[in-house]
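Q: This is the structure I want to talk about, given as structure tokens.
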Amino acid sequence: MDFNDLTVVQLRMVLRHFKLPLTGIKAEMIARLRTIDPEGEKTREIIEDGEYVTAASGEEFGTGPRWEQDTPQSSVKEDLWQRERELDKKELELMRRENEILKNISSAVATAPEQPNMLVKVISDLLSEFNGTDNTYLIWKKQIRLLRNTYNLNDNSLRILIGAKLKGRALRWFHSRAEHIEMNCEELLHELKNMFDHRLSRLSLRKTFENRTWKAGETFSD
């Protein structure tokens, strides 16, 4: 038997027969019913024997269930059916409220990207411009990392900030290749370092010092 063919009212009535909880959505009730009647044979017998008689067509068109006629239990069953209808209405109302809450959450998520962009505009004045002509890359990179850690900027926000502060040669270099726009922040900083950080390494300075020809009378302070 396919439990999915049963209505919510039918499921609850069968669950009541098995003395199982009646709460939850339809999928939860079906899962609960399968634990005690996996094949649905007992459920089919209950419905066919008329112990709990409901009509899916009657529910769909608002005519109500077809209760057994001329039995002492008819009034009791009708009362139970009315209560089930009231519970169904309350459940539908709860579902509507949940949908409204989900819509509000979706709207909040949709507008969330605007907040980081506003933050970037506010803190952009804290980062100096970088034109690639002065030997200031190391200081500029430290400023970027400090702002990232202080304001918890994500990669997209940080790339926007970097792009906004590039000027002159550095800006022309940035626009010279489309791949630069696709790089993440660390890759972009690495490429900027290779292009504009012309400071000599300690090893290079040491070799220069060792290879220097000293003049007579020259002191180290010179």
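Residue numbers for the sequence shown, in the UniProt record's numbering: 1 to 222.
Ideal placement from N, C-alpha and C gives every residue a C-beta, glycine not left out.
By the three-class DSSP mapping on this structure, what secondary structure does F130 have?
A: If DSSP states are grouped into helix, strand and coil, F130 belongs with the strands.
Q: Using a threshold of 8 angstroms, state whether the C-beta atoms of L147 and I123 are closer than that.
A: yes
Q: CA-CA distance, H198 and K121?
A: Distance between the alpha carbons of H198 and K121: 30 angstroms.
Q: Between the Cα of L161 and those of E182, S128 and K19, spot the shortest distance and give me the residue it belongs to.
A: S128
Q: Could you check whether F3 and residue 230 sit closer than 8 angstroms to each other, using their CB atoms as the reference points?
A: Absent from the model: residue 230. The displayed extent of the chain is 1 to 222, so no value can be given.
Q: According to DSSP, simplified to helix, strand and coil, what is L6?
A: coil
Q: Find out if the Cβ-Cβ distance for the pair L189, H180 is shorter than 8 angstroms.
A: no
Q: Based on DSSP bridge pairs, tell me the residues matched to L161.
A: The partner list for L161 (beta bridge, DSSP) is empty, contrary to what the question assumes.
Q: Among all the DSSP beta bridges, which residues are the ones paired with L166?
A: F130
Q: Assign T23 to one of three DSSP states: helix, strand, or coil.
A: coil
Q: What does the alpha-carbon distance come out to for the pair R97 and R145?
A: 44 angstroms
Q: List the whole-angstrom C-beta distance separating M1 from T43, where the pair is believed to meet the contact cut-off of C-beta under 8 angstroms.
A: 6 angstroms
Q: Go to L146, then tell me how far its alpha helix (DSSP H) extends in each direction, as first and last residue.
A: That run of the alpha helix (DSSP H) goes Y137 to Y151.
Q: Taking R12 and E84 to be in contact with their CB atoms under 8 angstroms, please state how far apart those CB atoms are, rounded to whole angstroms.
A: 6 angstroms
Q: Expressed to the nearest angstrom, what Euclidean distance is found between the alpha-carbon atoms of L6 and V14?
A: If I take the Cα positions, the gap works out to 10 angstroms.
Q: Along the chain, where does the alpha helix (DSSP H) containing E39 start, and where does it finish?
A: Segment: none, E39 is in no alpha helix (DSSP H) and carries neither H nor E.
Q: What are the boundary residues of the alpha helix (DSSP H) that includes M195?
A: C185 to F196
Q: On the criterion of 16 or more Cβ atoms from any shown chain inside 10 Å, does G132 qualify as buried, or is it exposed?
A: buried
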